[in-house]
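Just so you know, the protein sequences line up as chains A and B, in that order.
With the first letter of the first sequence counted as 1, position 65 gets the number 65 in full-length UniProt numbering; the numbers rise by one all the way through.
With the first letter of the second sequence counted as 1, position 143 gets the number 143 in full-length UniProt numbering; the numbers rise by one all the way through.
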Amino acid sequence: MNSLMLLNVAWVALRVNLLRSILTMLGIIIGVAAVIIMLALGSGARYEVDQQIKNLGGNVFIVFSRMRFMGGAQQGGTGQSLTEMDALAIENQIPQVTVAAPMVQSSGQVIYGNLNWAPSILGVDNKIYQAQSWSLAEGRTFTETELSSAGRVAVIGQTVKRELFGASDPLGQTVRINKVPVTIIGVLNGKGQNTQGNDQDDIVFMPIDTVRKRISGITLSSPKAVRSIVVQVASDRDMPLVEQELDALLRQRLRTTANDPPFRIRNLSEMVETRAQTMQIFNGLLAAVASVSLLVGGIGIMNIMLVSVTERTREIGLRMAVGARPADILRQFLIEAVLLCALGGALGLTLALGTTWAVEHFLGYTAIIEPQVVLMSIGFSALIGVFFGYYPARKASRLQPIEALRYE
Amino acid sequence: MQNAVMATLKVEKHYRMGEQVLKALKGVSVGIGQGDFVAVMGPSGSGKSTFMNMLGCLDSPSSGQILLKGTDVTRMSAAELATVRNRHIGFVFQQFNLLPRTTALDNVMLPLLYTAMPRAQARERARHCLELVGLGKRLDHHPSQLSGGQQQRVAIARALVNEPDIILADEPTGALDTETGLEIMALFQQLHQQGKTLVLVTHEPDIAAFASRQLVFRDGLLLTDRQSSPLDAQQALADFRQHRLAEALK
Chain A
1 MNSLMLLNVA
11 WVALRVNLLR
21 SILTMLGIII
31 GVAAVIIMLA
41 LGSGARYEVD
51 QQIKNLGGNV
61 FIVFSRMRFM
71 GGAQQGGTGQ
81 SLTEMDALAI
91 ENQIPQVTVA
101 APMVQSSGQV
111 IYGNLNWAPS
121 ILGVDNKIYQ
131 AQSWSLAEGR
141 TFTETELSSA
151 GRVAVIGQTV
161 KRELFGASDP
171 LGQTVRINKV
181 PVTIIGVLNG
191 KGQNTQGNDQ
201 DDIVFMPIDT
211 VRKRISGITL
221 SSPKAVRSIV
231 VQVASDRDMP
241 LVEQELDALL
251 RQRLRTTAND
261 PPFRIRNLSE
271 MVETRAQTMQ
281 IFNGLLAAVA
291 SVSLLVGGIG
301 IMNIMLVSVT
311 ERTREIGLRM
321 AVGARPADIL
331 RQFLIEAVLL
341 CALGGALGLT
351 LALGTTWAVE
361 HFLGYTAIIE
371 PQVVLMSIGF
381 SALIGVFFGY
391 YPARKASRLQ
401 PIEALRYE
Chain B
1 MQNAVMATLK
11 VEKHYRMGEQ
21 VLKALKGVSV
31 GIGQGDFVAV
41 MGPSGSGKST
51 FMNMLGCLDS
61 PSSGQILLKG
71 TDVTRMSAAE
81 LATVRNRHIG
91 FVFQQFNLLP
101 RTTALDNVML
111 PLLYTAMPRA
121 QARERARHCL
131 ELVGLGKRLD
141 HHPSQLSGGQ
151 QQRVAIARAL
161 VNEPDIILAD
171 EPTGALDTET
181 GLEIMALFQQ
191 LHQQGKTLVL
201 VTHEPDIAAF
211 ASRQLVFRDG
221 LLLTDRQSSP
231 LDAQQALADF
241 RQHRLAEALK
């Protein structure tokens, strides 16, 4: 009896007990669907992370100022240790650095008409566009005069534009930021959320001096103090080297040899990676739980196959009487179990496709079903069929023909 | 015995029932010749069913030999025995043992599916056998759509389809009413006249009378082996119908 005929026999047998076959498959269906969905969400998260690293520029350090202590007493102001001169020095003295953009940060209410909004207010110069891969959707960047004279101008992110201006054109409009009238000269292209779920578009860029002098209203340790410096490196291969050089240069400039220097060098893509890895472990765990459901499904298959063998004892006896060898019977029941599992796998795949579609469209997650996952899950469920179908099939093949024929 | 299609030589079959050993067959030697129509009789427990299982290569003896056209089959493996049954033996059972939800044609084809025969040829062969037993117009019927007699005819067609050397029928009329039973016996006689070798087990002497040779078993031994001129089943069927008609008119 060839395989095609066996497949047909198996198909007929499964169709005869349609409800039972479907219920049996349910375990496999759910297991396969769960595994595929988990892996799809994992791949989706991975993709998001990669996108974000691309957004950040995979080759970016952020150097943060920290409180500076001297003789046990905190130096005046906010105690920011880094200055714009440090940024210039980084850019000029480390050849692998393409750009080092200084940044100060403040917060405040942005008021337009009767609307107000509280985004992050960042004091920057025009280097920030390159350093953080920003681009303008409309308008222009700061002029030299605006930068040097603390001009009352701002470039806003997409979220700020949406919240304050809706569909109308913000260019040329004047908003009040901490009571200072500021003209909007540009709008950034959107970046969306980062992996932490923070909205990256909820920002306002202003000339660095404007924020220092007009917005934040905090006395600084130095007139040129900055909160952070965004350092872009030409190639990610140079990242370890640049990190060392940054550390050495800043220690020299700040005259410190302390184990705990008054600055912190952060590699953003590393931070994202770490988070992503945690997430992947979590996803892996969920996939493992889903595989347990596959295992349970497999046991269900074995159970039903045993029932099926018992029910069809006379049929087995007859087949043996008319010439089926034990190997023929073994194959017949094995193929039935494999078919049951493979169908379950296919249905599980369909369910997974539907679910990931729904998750993408209604919950906004990225889910990516990779082709090898599809093949693997179907193959794996067929393997479960072989594994859990073997014992019942062997039991059937070892029946004695006369006893099987007499079975009531 | 040398020219026998099947022969048993001092066949014994012992079953262990706890402490006791039950001797179902205590040394039976008998040959079934080419073209014989043999009825095997005996009360239950006489060993006739065990004997049939031996002839059918469904069970192996505790001692002695079973020869199929001179070849000893007693030492064969389960797979080899399956092949022997497939090529040389046709079975007819009391309960027909047709596959449910499977057409008559597919049921008859079943033994051929375990051979290398191409499907088209197997189908043609099965159709021919169904025509032979008078069911040429019922090829696509499922067993549940057929009467008991028709089901048994399908089973007989299935027994014929691999052109066996010997057909074994175990109480083939046991589940049928008298008239249908007579029809089946007429069919067997027809097959016998075409040269088939038939062995049928029955406990009804009326049925055994249609065979040309009777083997009677008792207590695991072959008690009687006699030839007789068989009754004509066709005639018996006609008589039965006449009688029933007379009864109805009365």
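The C-beta atom is built at its ideal place from N, Cα and C for all residues, glycine as well.
The model shown is predicted, which means the values in this text are computed figures rather than measured ones.
Could you check the C-alpha separation between residue i and residue j for me, to the nearest Å?
{"i": "residue 70(A)", "j": "residue 253(A)", "result": "Because residue 70(A) sits at a pLDDT of 45, beneath the cut-off of 50, its placement in the model cannot be relied upon, and the point is left open."}
{"i": "residue 27(B)", "j": "residue 71(B)", "result": "19 angstroms"}
{"i": "residue 148(B)", "j": "residue 312(A)", "result": "21 angstroms"}
{"i": "residue 285(A)", "j": "residue 46(A)", "result": "16 angstroms"}
{"i": "residue 361(A)", "j": "residue 385(A)", "result": "34 angstroms"}
{"i": "residue 58(B)", "j": "residue 50(B)", "result": "10 angstroms"}
{"i": "residue 76(A)", "j": "residue 250(A)", "result": "Here the model assigns residue 76(A) a pLDDT of 41, short of 50, so the residue's position is not dependable, and the following value carries that caveat. About 20 angstroms."}
{"i": "residue 144(A)", "j": "residue 102(A)", "result": "15 angstroms"}
{"i": "residue 270(A)", "j": "residue 117(A)", "result": "32 angstroms"}
{"i": "residue 320(A)", "j": "residue 245(B)", "result": "44 angstroms"}
{"i": "residue 152(B)", "j": "residue 393(A)", "result": "30 angstroms"}
{"i": "residue 74(A)", "j": "residue 283(A)", "result": "Note on residue 74(A): pLDDT 43, under 50, position unreliable in the model; the coordinate value appears next. If you take the alpha carbons of residue 74(A) and residue 283(A), they lie about 45 angstroms apart."}
{"i": "residue 41(A)", "j": "residue 248(A)", "result": "42 angstroms"}
{"i": "residue 132(A)", "j": "residue 288(A)", "result": "38 angstroms"}
{"i": "residue 4(B)", "j": "residue 331(A)", "result": "36 angstroms"}
{"i": "residue 102(B)", "j": "residue 9(B)", "result": "40 angstroms"}
{"i": "residue 64(B)", "j": "residue 24(B)", "result": "13 angstroms"}
{"i": "residue 230(A)", "j": "residue 39(A)", "result": "35 angstroms"}
{"i": "residue 208(B)", "j": "residue 162(B)", "result": "26 angstroms"}
{"i": "residue 53(B)", "j": "residue 402(A)", "result": "7 angstroms"}
{"i": "residue 35(B)", "j": "residue 249(B)", "result": "42 angstroms"}
{"i": "residue 257(A)", "j": "residue 265(A)", "result": "15 angstroms"}
{"i": "residue 178(B)", "j": "residue 243(B)", "result": "13 angstroms"}
{"i": "residue 280(A)", "j": "residue 126(A)", "result": "37 angstroms"}
{"i": "residue 241(A)", "j": "residue 223(A)", "result": "31 angstroms"}
{"i": "residue 347(A)", "j": "residue 294(A)", "result": "13 angstroms"}
{"i": "residue 317(A)", "j": "residue 93(B)", "result": "12 angstroms"}
{"i": "residue 342(A)", "j": "residue 379(A)", "result": "8 angstroms"}
{"i": "residue 243(A)", "j": "residue 268(A)", "result": "12 angstroms"}
Grab the span of the beta strand (DSSP E) containing residue i for me, first residue to last.
{"i": "residue 400(A)", "result": "Note, residue 400(A): premise wrong, no beta strand (DSSP E); not H, not E."}
{"i": "residue 259(A)", "result": "Neither: residue 259(A) is in no beta strand (DSSP E) and is coded neither H nor E."}
{"i": "residue 226(B)", "result": "221-227"}
{"i": "residue 359(A)", "result": "From DSSP, residue 359(A) is part of no beta strand (DSSP E); its letter is neither H nor E."}
{"i": "residue 120(A)", "result": "120-124"}
{"i": "residue 102(A)", "result": "97-107"}
Check the Cβ of residue i against every Cβ in chain A and list those closer than 8 angstroms, keeping chain order.
{"i": "residue 132(B)", "result": "By Cβ distance, chain A contributes nothing, its closest Cβ being about 18 angstroms from residue 132(B), past 8 angstroms."}
{"i": "residue 83(B)", "result": "323 and 325"}
{"i": "residue 24(B)", "result": "Within 8 angstroms Cβ-Cβ: nothing; residue 24(B) doesn't reach chain A, min ~12 angstroms."}
{"i": "residue 251(B)", "result": "With chain B covering only 1 through 250, there is no way to say anything about residue 251(B)."}
{"i": "residue 101(B)", "result": "12 and 16"}
{"i": "residue 266(B)", "result": "Nothing can be reported for residue 266(B), as the shown portion of chain B is limited to 1 through 250."}
Among all the DSSP beta bridges, which residues are the ones paired with residue i?
{"i": "residue 12(B)", "result": "26(B) and 63(B)"}
{"i": "residue 214(B)", "result": "39(B) and 226(B)"}
{"i": "residue 112(A)", "result": "115(A)"}
{"i": "residue 168(B)", "result": "91(B) and 199(B)"}
{"i": "residue 207(A)", "result": "124(A)"}
{"i": "residue 7(B)", "result": "31(B) and 67(B)"}
{"i": "residue 225(A)", "result": "83(A)"}
{"i": "residue 17(B)", "result": "20(B)"}
{"i": "residue 65(A)", "result": "263(A)"}
Name, please, each residue of chain B whose Cβ falls closer than 8 angstroms to the Cβ of residue i.
{"i": "residue 314(A)", "result": "97"}
Just reading off the alpha helix (DSSP H) that residue i is part of, what are its end residues?
{"i": "residue 200(B)", "result": "No alpha helix (DSSP H) contains residue 200(B), which is instead part of the beta strand (DSSP E) from 198-201."}
{"i": "residue 266(A)", "result": "Note, residue 266(A): premise wrong, no alpha helix (DSSP H); beta strand (DSSP E) at 263-267."}
Could you name the residues of chain A that residue i contacts, counting a contact when the two beta carbons are closer than 7 angstroms?
{"i": "residue 59(B)", "result": "402"}
{"i": "residue 51(B)", "result": "Near residue 51(B) there are no residues of chain A at all, since even the closest Cβ is about 12 angstroms away, more than 7 angstroms."}
Since residue i meets chain B, which of its residues come closer than 7 angstroms, beta carbon to beta carbon?
{"i": "residue 318(A)", "result": "97"}
{"i": "residue 328(A)", "result": "114"}
{"i": "residue 302(A)", "result": "Neighbours of residue 302(A) on chain B: none; closest Cβ ~24 angstroms, over 7 angstroms."}
Name the chain B residues that come within less than 9 angstroms of residue i, Cβ to Cβ?
{"i": "residue 5(A)", "result": "113 and 119"}
Determine the chain A residues that contact residue i at a beta-carbon separation under 9 angstroms, and present them in chain order.
{"i": "residue 86(B)", "result": "322, 323, 324 and 325"}
Taking the runs of the alpha helix (DSSP H) that are 4 residues or longer, which of them lie wholly in the region 128-204 of chain A? Correct list: 144-148 and 158-165.
Determine which residues of the region 103-135 of chain B have a Cβ less than 7 angstroms from any Cβ of chain D, and write them out in chain order. The question asks about chain D, but that chain is absent: this structure's protein chains are A and B.
Whole runs of the alpha helix (DSSP H) within the region 71-152 of chain B, excluding any shorter than 4 residues: As far as the region 71-152 of chain B is concerned, its whole alpha helix (DSSP H) runs of at least 4 residues are 78-88, 104-113 and 119-132.
4-residue-minimum alpha helix (DSSP H) runs that sit fully inside the UniProt domain "ABC3 transporter permease C-terminal" (289-401) of chain A, ordered along the chain: Counting only runs of 4 or more, we get 313-321, 326-358 and 371-397.
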